[in-house]
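Q: This is the structure I want to talk about, given as C-alpha cells.
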Amino acid sequence: DTAVSQTPKYLVTQMGNDKSIKCEQNLGHDTMYWYKQDSKKFLKIMFSYNNKELIINETVPNRFSPKSPDKAHLNLHINSLELGDSAVYFCASSPGAGGMNTGELFFGEGSRLTVL
Amino acid sequence: GENVEQHPSTLSVQEGDSAVIKCTYSDSASNYFPWYKQELGKRPQLIIDIRSNVGEKKDQRIAVTLNKTAKHFSLHITETQPEDSAVYFCAASWDTGFQKLVFGTGTRLLVSP
Numbered sequence: 001d002t003a004v005s006q007t008p009k010y011l012v013t014q015m016g017n018d019k020s021i022k023c024e025q026n027l028g029h030d031t032m033y034w035y036k037q038d039s040k041k042f043l044k045i046m047f048s049y050n051n052k053e054l055i056i057n058e059t060v061p062n063r064f065s066p067k068s069p070d071k072a073h074l075n076l077h078i079n080s081l082e083l084g085d086s087a088v089y090f091c092a093s094s095p096g097a098g099g100m101n102t103g104e105l106f107f108g109e110g111s112r113l114t115v116l
Numbered sequence: 117g118e119n120v121e122q123h124p125s126t127l128s129v130q131e132g133d134s135a136v137i138k139c140t141y142s143d144s145a146s147n148y149f150p151w152y153k154q155e156l157g158k159r160p161q162l163i164i165d166i167r168s169n170v171g172e173k174k175d176q177r178i179a180v181t182l183n184k185t186a187k188h189f190s191l192h193i194t195e196t197q198p199e200d201s202a203v204y205f206c207a208a209s210w211d212t213g214f215q216k217l218v219f220g221t222g223t224r225l226l227v228s229p
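For the record, the sequence lines run as chains A and B.
Per our numbering, numbering through the first sequence is continuous, rising by one, with the last residue being 116.
Per our numbering, numbering through the second sequence is continuous, rising by one, with the last residue being 229.
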C-alpha cells in the first residue's frame with residue numbers, strides 16, 4: 001500500500017491552461033504539504049494544512065489554490081499555467097503536533113509538470 | 117525567516133572513502149535538523165535527524181553533528197558505497213509539529229566503484 005500517493009505522475013500542458021494534482025495519504029496523519037522542486041533541485045514549501053485548515057502559505061501566487069476536503073487529501077489546482085510553473089510537485093504528510101510526532105515528512109512520488 | 121546554506125553542491129568520492137556535507141542555518145530558534153536522501157527520480161526520504169539538545173547522532177555508517185553556537189550541522193557518511201549516490205538535503209525548522217522545514221540547496225554525491 002502506498003502511504004502518500006499523487007496523481008498524475010506526469011502532466012504536460014500548454015501555457016494558460018488550468019490543471020490539478022491530487023494527493024492522498026493513508027497514514028492517518030494530521031498535516032499535509034505541497035513542496036515544489038525546480039530544475040535545480042531546490043525544494044521549497046508552498047502550503048501546509050493541518051486537519052483541513054491552512055497553516056502555511058509561502059508567498060505563492062494566487063494562481064495556486066490548495067484544497068483539503070478532509071485530512072487525508074490535499075489537492076493543488078493551478079490556474080493560467082506559466083512556463084516557470086514547470087517543476088516536480090511533491091505532496092507530503094506528517095503526524096502533526098503531538099508527543100508521537102518524530103518530525104519526519106513522508107513524501108509522495110512527485111508529479112512532474114511540464115508547461116509548454 | 118530561516119535560511120539554510122549547504123556545501124558542497126557536488127561531491128565525488130571513491131568507494132570506501134568518507135563524505136562530509138555541511139550546512140549552516142540562520143535562525144537561532146531552529147531546533148530540528150533532518151537530512152533527506154533523494155535518489156534519481158525518486159522521492160526524498162529521511163535518513164537521519166538531530167534535535168538541538170543533542171550534539172551528535174549516529175546510525176551505522178551515517179552520523180550527524182550539530183554546533184548550535186556556530187549554527188552549523190554536518191552529515192558524515194563513512195565507507196561509502198555506490199548505492200549512497202544520490203542528492204542529499206539538509207533542513208532546519210523550529211517546530212516538529214507543524215513542519216515548516218526549510219531545505220538546503222542539496223548536494224549531489226557520486227560514489228565511484
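From the three backbone atoms N, C-alpha and C, an ideal C-beta is built for every residue, glycine too.
Model, not experiment: these values are computed from the prediction.
Which residues in the same chain have their Cβ closer than 6 Å to the Cβ of residue 137(B), if we skip the five residues on either side of it in sequence?
A: Same-chain partners within the cutoff: 191, 204, 223.
Q: If you draw a straight line from the alpha carbon of residue 147(B) to that of residue 17(A), how long is it in whole angstroms?
A: Distance between the alpha carbons of residue 147(B) and residue 17(A) is about 41 Å.
Q: Count the other C-beta atoms from every protein chain shown that fall within 10 angstroms of the C-beta of residue 165(B), then say buried if there are 16 or more, exposed otherwise.
A: By the 10 Å Cβ count, residue 165(B) comes out buried.
Q: Identify, in the order they occur along the chain, each residue of the same chain with its Cβ nearer than 6 Å to the Cβ of residue 64(A), setting aside the five sequence neighbours on each side.
A: Closer than 6 Å at the Cβ level, and outside the excluded window around residue 64(A), lie 78.
Q: Nearest-angstrom Cα distance between residue 51(A) and residue 120(B)?
A: The straight-line gap from Cα to Cα measures roughly 28 Å.
Q: Does any C-beta atom of chain A lie closer than 7 Å to the C-beta of residue 132(B)?
A: It does not: the Cβ of residue 132(B) has no partner Cβ on chain A nearer than 7 Å.
Q: What is the C-beta distance between residue 221(B) and residue 133(B), in whole angstroms, given that I count them as a contact (C-beta under 8 Å)?
A: Between residue 133(B) and residue 221(B) the Cβ distance is about 23 Å, and since that is not below 8 Å, they are no contact.
Q: Name the chain A residues that come within less than 8 Å of residue 203(B), Cβ to Cβ?
A: Near residue 203(B) (Cβ distances below 8 Å), the residues of chain A are 41.
Q: Where do the N-terminal and C-terminal ends of the beta strand (DSSP E) with residue 150(B) fall, by residue?
A: Here the beta strand (DSSP E) through residue 150(B) covers 148–154.
Q: Between which two residues does the beta strand (DSSP E) holding residue 63(A) run?
A: Element bounds for residue 63(A): n/a, residue is neither H nor E.
Q: By the criterion of Cβ-Cβ separation under 7 Å, what are the contact partners of residue 21(A) in chain B?
A: Result: empty, since nearest Cβ-Cβ is about 14 Å, beyond 7 Å.
Q: Compare the C-beta of residue 28(A) with all C-beta atoms of chain B and state if any pair is closer than 7 Å.
A: False, the Cβ-Cβ gap to chain B never drops below 7 Å.
Q: Which residue from 149(B), 131(B), 129(B) puts its Cα closest to that of residue 122(B)?
A: Of the candidates 149(B), 131(B), 129(B), the one whose C-alpha sits nearest the C-alpha of residue 122(B) is 149(B).
Q: Starting from residue 19(A) and walking both ways along the beta strand (DSSP E), at which residues does that stretch end?
A: 19–25 is the span of the beta strand (DSSP E), which, as asked, contains residue 19(A).
Q: State yes or no: is the beta carbon of residue 64(A) nearer than 7 Å to at least one beta carbon in chain B?
A: So, not an interface residue.
Q: Among 24(A), 3(A), 38(A), whose alpha-carbon lies nearest the alpha-carbon of residue 115(A)?
A: With distances taken between Cα atoms, residue 115(A) lies closest to 38(A).
Q: Exposed or buried, residue 175(B), counting other C-beta atoms within 10 Å across all chains shown (16 or more means buried)?
A: Under this definition residue 175(B) is an exposed residue.
Q: Just the C-alpha distance for residue 182(B) and residue 207(B), rounded to the nearest angstrom, thanks.
A: The straight-line gap from Cα to Cα measures roughly 12 Å.
Q: Output the boundary residues of the beta strand (DSSP E) element that contains residue 181(B).
A: Residue 181(B) -> beta strand (DSSP E) spans 178–183.
Q: So, are the CB atoms of residue 31(A) and residue 94(A) less than 7 Å apart?
A: For residue 31(A) and residue 94(A), yes; Cβs fall inside 7 Å.
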